[in-house]
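Letter 646 of the sequence shown, counting from 1, is numbered 646 in UniProt numbering, and no numbers are missing. Below is one structure, written out as structure tokens, with a few remarks after it.
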Amino acid sequence: MTSSYRPILARVLAQAEPTTPWRVHHRDPWYMAAPAHHISRRQGWKLHVSATPVSAPQVLERAARVLVAHGCAFKFAATPAIAAEMNAVRAARAQSGKFLTAYPADDGQLRLLAEELDDRTRGLTGPAILTDRRLCPGSLVHYRYGCFARPRELNDEGFYEGRLRAPDGTFVADERNPWFAPPPWAGSPFPRTASASSGRRRGDPVLLARRYLVKEAIRHSNRGGVYRARDERTGDTVLLKEARPHVGAGPDGRDARDWLRHEAEILRRLAPLGITPAVREVFEAGGHVFLAEDLIDGVNLQEWTADRLRTGDRHVRVAEAWNLARELARMIGRLHAEGLVLRDFKPGNVVMTPEGRPVLVDLECAVPTGAPAPVAGTRGFTAPEYLEAAGPDAAPPAPGPEADCFSLGATLLHVTTGISPVLAPDSAPARPTGERLASLMAEAAPGIPALRVLAPLITGLTRDGAGRWTLGRAAEFLRTGERAQPVPSCPTPSLPSADRLLADGLAFLADTMDPSQEYLWPGPAALPYGDPCNVQLGAAGVLAVLDRAVRCGHAAAAPTLRTAAEWLDRRLTAPSRVLPGLYFGRSGAAWALYEAATTLEDAALAERSIAYALNIPLEGANPDVCHGLSGAGLAQLHLWHATGDLRFAERAAQCANGVLRLLHDGPGVEWEAGPDFRAELAGSACYGFGHGVAGNAAFLLAAGRDLDRPDLTDIAVGGGHALCAVAAWRSGSAYWPKGPGRSERPGLNFWCNGTSGIGTFLVRLWHETGDERFLEHAEGAARAVRQQRWQIGPGSCHGVAGNAELLLDLHELTGEARHREAAFDLSSCLTVRAARRRGRFLVPDDTLREICASYNVGISGVLDFLLRLTHGGPRSWLVDRPARENHPTPGREAAHGEPRSGTAGTARNR
1 MTSSYRPILA RVLAQAEPTT PWRVHHRDPW YMAAPAHHIS RRQGWKLHVS ATPVSAPQVL
61 ERAARVLVAH GCAFKFAATP AIAAEMNAVR AARAQSGKFL TAYPADDGQL RLLAEELDDR
121 TRGLTGPAIL TDRRLCPGSL VHYRYGCFAR PRELNDEGFY EGRLRAPDGT FVADERNPWF
181 APPPWAGSPF PRTASASSGR RRGDPVLLAR RYLVKEAIRH SNRGGVYRAR DERTGDTVLL
241 KEARPHVGAG PDGRDARDWL RHEAEILRRL APLGITPAVR EVFEAGGHVF LAEDLIDGVN
301 LQEWTADRLR TGDRHVRVAE AWNLARELAR MIGRLHAEGL VLRDFKPGNV VMTPEGRPVL
361 VDLECAVPTG APAPVAGTRG FTAPEYLEAA GPDAAPPAPG PEADCFSLGA TLLHVTTGIS
421 PVLAPDSAPA RPTGERLASL MAEAAPGIPA LRVLAPLITG LTRDGAGRWT LGRAAEFLRT
481 GERAQPVPSC PTPSLPSADR LLADGLAFLA DTMDPSQEYL WPGPAALPYG DPCNVQLGAA
541 GVLAVLDRAV RCGHAAAAPT LRTAAEWLDR RLTAPSRVLP GLYFGRSGAA WALYEAATTL
601 EDAALAERSI AYALNIPLEG ANPDVCHGLS GAGLAQLHLW HATGDLRFAE RAAQCANGVL
661 RLLHDGPGVE WEAGPDFRAE LAGSACYGFG HGVAGNAAFL LAAGRDLDRP DLTDIAVGGG
721 HALCAVAAWR SGSAYWPKGP GRSERPGLNF WCNGTSGIGT FLVRLWHETG DERFLEHAEG
781 AARAVRQQRW QIGPGSCHGV AGNAELLLDL HELTGEARHR EAAFDLSSCL TVRAARRRGR
841 FLVPDDTLRE ICASYNVGIS GVLDFLLRLT HGGPRSWLVD RPARENHPTP GREAAHGEPR
901 SGTAGTARNR
């Protein structure tokens, strides 16, 4: 199988000999092709042609001949791997199936191309594209109205968003929802087929097979939905699983429908054992296949574990873990006795009944032992040697019981501790996965009783090669009660020190920087494109870390600092919407650039950064730190202290007044995000630092202190009392919900929304007021983040690095060494997660799979924490200790508009 589809297009162009030269370039994950002088429209109706991995080469060749002949620009998936990924059962529903996109010059050409493309590709296979309307039944050709180019407008959250211009000149978002929803003013280009639909409206009752009345969608995926339904014949509540045609198609042509039928066969075979749901029937509706099975009352093991980690003593009890391990081993043993291998055993595929009985669900990956089958599974839970056997030219492997043994060990690690077994892959030569997991367990076990007891079992089951325990050996361990047995001898790789992580991480930043690109460092693949200049995902956060590194004595980072500062300086003046926030807006960029200019002793650069900061807009309907006025105010306050320029003090006061205006009417201290923010933020108050009360009050506290504004301080103190009032105490640790009335994911220990960010504010409030209640709650927050340090990722926003900063705050403000020692404990969570890439140890991003430079979700925030842990200093992006005696106070005589030299500034708090 070819590794790229580019040769197919090259052959088509060579044979067509177009009169106009064509430009072809690669922009991951696409190849883009257009006539040399093509000018793209802003928006309009466009065509998508779907394909499966088997049909893709023919679809491309036939479609490219049509499009080249008509001089129509198009793009297509670059490789078979990408084509398979976008068609996979877990692919994003709004992108699935879009193998090729054509951009017609007008609607007349669109209609002509649609008919020719349909004719040329008729008989080939491809899934329905959910965002589009299919040209006609069975066609691979679909159409939708949308933007023709990559989005260039920043939305209020700091991400690029496609916007459609309405006839009246207003703009609306080009939303890619998994259903056909063109803007009301975009008339159909195919009037004769515009009304061709089922006549059913979204939300209408659905009766399938004249029997099953759908009551609720449990979840949606690219493969199809999972629904709760009532069997109208029996009155029973059943589970319906759906498989869409051609989704997840493999090289053998089998797709999700075949695997759902296969699952039904497996369930029928295992039903007499009582370890799986019973099958009601398999039927087709509209070309989709449905499996009706018994609905198992209970929660999956992932939820079961989360419930225990949120309540009581926040541990899975030893006896409970031991009994669960015995039941799971027995259940897998019974399945192996039936001559089957699960391949995808994981917490989400086991339901615990109210009686505590585990039941296997989602068995579409189960196959006969030793039978070759396309690789399937879940990274972290499926045996690594089995997943690594996949490849475009590799024969399908034949898994044996040892694959399920690894899955059992990884599952037990997660369900008894909440620890994810996912490890970012090493480059060759890779360390054995079993050794890396053994290191992780050795670090985590002292604080987790259930893991200490089950460590011998989990270590044995996740070993590499012939040393892996069989299921019989595991059952013997559980039967004989070897609870005091030491962990089996398993070599563990040496862990990198903090100094090694720092040196390797800074070298990675130097090597991956590319000033010729739109993004100085590539962003995380899992997130949409954002402002390339900001702190959250762009260059400013990395620049600030490089600046801190140079000031801490890492001289090798100085050339990278210079290059990054010059790049950001150029980009800040390029045309773009400027948002005020500290992390997603440009306030953090101005802050970081000024500090870098000071370190580099570049007065002219410092002057430009000051001018830029003075032009950041300070309006908006969002008061928060990440996106809004509190974040902008912190930057203006900092720059006043750093420069002595009174204009920054006045602008900080303007931000504070704006935050006050946005206070929610009524008792208490609450804010609401503006109406243009996504549902996660819009119209609901939050308690955390990044998006809620803690961050807004922290800004008002600093502004009230430095601007001599008691009214601001009073609001901050009120916010502190409000946060203390809603804290939940468990075993000496303090936890907070996400916000008032917010019950989802309670007990979050994150900086942006949760315990660690609230503690960040409360310890500062104690330091300013002396009120011991605030310190008590900050200490409670610190105990909470220590308690759950193994259950979160590495990053600053949602992970260990950000949480550990709270411990350094407590050390700095109380002087107690125990808090710094606790921060060192948390750093071990980073070292055991580090992947070795070309000889360097690098901490992965929040996905635990990839390495990226970004500050709040990637390696730069981790490096910032390690620099502070190793060298000391203030916390980044806060204004804690201004040297106010050197600065004029608003209302007193000052030289307006006379900033200090770019090398001046006594308060170097970043």
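Every residue gets a Cβ at the ideal spot worked out from N, C-alpha and C, and that includes glycine.
In whole angstroms, what separates the C-alpha of residue i from that of residue j?
| i | j | result |
| --- | --- | --- |
| R571 | V247 | 42 Å |
| L869 | L810 | 12 Å |
| A576 | R41 | A small fix is needed here, since residue 576 is Ser in this sequence, not Ala. Distance between the alpha carbons of S576 and R41 is about 20 Å. |
| G588 | L47 | 41 Å |
| T889 | Y735 | Note that T889 scores 45 on pLDDT, short of 50, meaning its location in the model is unreliable and no value can be drawn from it. |
| D624 | F584 | 11 Å |
| P35 | G581 | 41 Å |
| P524 | G861 | 14 Å |
| R483 | L454 | Confidence in R483 is poor, its pLDDT being 48 and thus under 50, which makes the residue's placement unreliable; the coordinate value appears in the next sentence. Near 7 Å, if we compare the C-alpha coordinates of L454 and R483. |
| L67 | L164 | 25 Å |
| A859 | D426 | Checking the sequence shown, residue 859 turns out to be Ile, not Ala. C-alpha separation (whole angstroms): 16 Å. |
| F74 | R23 | 11 Å |
| A652 | L866 | 30 Å |
| R11 | C147 | 29 Å |
| H38 | P515 | 27 Å |
| R500 | S828 | 13 Å |
| Y386 | A442 | 25 Å |
For the alpha helix (DSSP H) containing residue i, name the first residue and the last one.
| i | result |
| --- | --- |
| E518 | From DSSP, E518 is part of no alpha helix (DSSP H); its letter is neither H nor E. |
| L501 | 498-512 |
| E812 | 800-814 |
| W591 | 587-599 |
| Y145 | Note, Y145: premise wrong, no alpha helix (DSSP H); beta strand (DSSP E) at 141-147. |
| Q654 | 646-661 |
| L869 | 859-871 |
| D294 | Segment 288-294 is the beta strand (DSSP E) holding D294; no alpha helix (DSSP H) there. |
| L240 | Careful: L240 lies outside any alpha helix (DSSP H), inside the beta strand (DSSP E) at 237-243. |
Quick one: is residue i buried, meaning 16 or more other Cβ sit within 10 Å of its Cβ, or exposed?
| i | result |
| --- | --- |
| A14 | exposed |
| L207 | exposed |
| D531 | buried |
| R120 | buried |
| N749 | buried |
| Q636 | buried |
| T170 | exposed |
| V172 | exposed |
| L707 | buried |
Could you spell out where the beta strand (DSSP E) holding residue i opens and where it closes?
| i | result |
| --- | --- |
| L100 | 100-103 |
| V206 | V206 -> no beta strand (DSSP E), and no H or E assigned at all. |
| E303 | Careful: E303 lies outside any beta strand (DSSP E), inside the alpha helix (DSSP H) at 301-310. |
| R463 | Per DSSP, R463 belongs to no beta strand (DSSP E) and is neither H nor E. |
| A285 | 279-285 |
| A256 | Looking at the DSSP string, A256 is not in any beta strand (DSSP E); the run it does join, the alpha helix (DSSP H), is 256-270. |
| L124 | Looking at the DSSP string, L124 is not in any beta strand (DSSP E), and its letter there is neither H nor E. |
| Q536 | Counting along the chain, Q536 falls outside any beta strand (DSSP E), and DSSP gives it neither H nor E. |
I'd like to know whether the C-beta atoms of residue i and residue j end up nearer to each other than 8 Å.
| i | j | result |
| --- | --- | --- |
| T769 | L806 | no |
| R230 | K215 | yes |
| R211 | I218 | no |
| A727 | G780 | yes |
| G633 | A539 | no |
| P127 | A83 | no |
| A474 | L457 | yes |
| V361 | P277 | yes |
| R786 | G732 | no |
| V141 | F99 | no |
State the CB to CB distance for the pair residue i and residue j, rounded to an integer number of angstroms; the pair is presumed to be in contact (CB under 8 Å).
| i | j | result |
| --- | --- | --- |
| R308 | V318 | Going by Cβ atoms, the distance from R308 to V318 rounds to 12 Å, so no, they are not a contact pair. |
| R93 | R730 | R93 to R730, Cβ: 38 Å. No contact. |
| V422 | R379 | 6 Å |
| R133 | Y145 | Incorrect: roughly 10 Å between the Cβ atoms, too far for contact. |
| L260 | L291 | 5 Å |
| A526 | T847 | 6 Å |
| C686 | G739 | 4 Å |
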